[in-house]
């Protein structure tokens, strides 16, 4: 089976590439907007600008993949508020280009979405909950979902939240940022009013693998098993890594004055993925222990 991975140099793209490499019947083609691949696993790598429709059609047409795994996204929530045109090009137009290419080549698309499509008033949410995004990032991700839902393409959407993990030259994620601060005994202010799952990238990659293996369609929530505040997560990190909990102070989201509103009482219910995919999500302690091993602590 030929798998075409977009956004292969990001956190999720690198984890997908690493885990899928273990599958003997998968041939991986990786791509990204960067000139070179971050991976040393030896897969074919192509530079690809997903916002260029002709480039997408040409490259997908050349490789004729069975599955396109779209790990590319503009995920800086606050920048999406100020750089709206770029956000829409990457998060919506690029998906429409992949849809066109997938329909020409009979490829399945696996796409990733987020709890930010919800307003965070009455989470946690299942796959049937009504979206109501409060940020431009959330609106763009909902638009990408709707593009797939109305496309007639063979697709699956994996919704996730608070993704963390390790990779080569990746942007800092919540967990790695925290570790960088706390290991140097720097104090951190953490919100205690944002509630939801935290998700190690390995879990999302394994959930994606199950979707492909079982030929599933539709929407699946793929996230960590427990729902907790960001503050509670950081205290667990201190417990696992041996950091000083006194460095961690509670604040409210409103104190941060961020450009983009956040869904506060959020979270994703993963029962559908557990029953239909056999997905076994890690809880936050298990995920942090795995991260500790991956980082060589």
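Residue numbers (the numbering used here): 6 to 302.
All C-beta atoms, glycine included, are put in the ideal place defined by N, C-alpha and C.
In this text the structure is predicted, and so the values were computed from the model without any measurement.
Beta bridge counterpart(s) of residue i as assigned by DSSP
| i | result |
| --- | --- |
| residue 32 | 7 |
| residue 244 | Residue 244 pairs with nothing; no bridge assigned. |
| residue 255 | 195 |
| residue 284 | Paired residue(s): none; residue 284 is not in a bridge. |
Start-to-end residues for the beta strand (DSSP E) that takes in residue i
| i | result |
| --- | --- |
| residue 27 | Taken as a continuous stretch (DSSP letters only), residue 27 belongs to no beta strand (DSSP E), as it is neither H nor E. |
| residue 113 | 113-119 |
| residue 164 | 160-165 |
Burial state of residue i (16 or more Cβ within 10 Å)
| i | result |
| --- | --- |
| residue 202 | buried |
| residue 172 | buried |
| residue 99 | buried |
| residue 5 | Absent from the model: residue 5. The displayed extent of the chain is 6 to 302, so no value can be given. |
| residue 109 | exposed |
| residue 93 | buried |
| residue 144 | buried |
| residue 117 | buried |
| residue 174 | exposed |
Residue i to residue j span [Cα, whole Å]
| i | j | result |
| --- | --- | --- |
| residue 242 | residue 69 | 43 Å |
| residue 244 | residue 180 | 14 Å |
| residue 281 | residue 95 | 30 Å |
| residue 168 | residue 266 | 18 Å |
| residue 290 | residue 189 | 22 Å |
| residue 40 | residue 195 | 36 Å |
| residue 134 | residue 104 | 24 Å |
| residue 24 | residue 232 | 26 Å |
Under 8 Å between C-beta atoms of residue i and residue j
| i | j | result |
| --- | --- | --- |
| residue 73 | residue 114 | yes |
| residue 205 | residue 278 | no |
| residue 22 | residue 13 | yes |
| residue 209 | residue 17 | yes |
| residue 149 | residue 82 | no |
Delimiting residues of the alpha helix (DSSP H) encompassing residue i
| i | result |
| --- | --- |
| residue 87 | 82-87 |
| residue 218 | 206-218 |
| residue 223 | Note, residue 223: premise wrong, no alpha helix (DSSP H); beta strand (DSSP E) at 223-226. |
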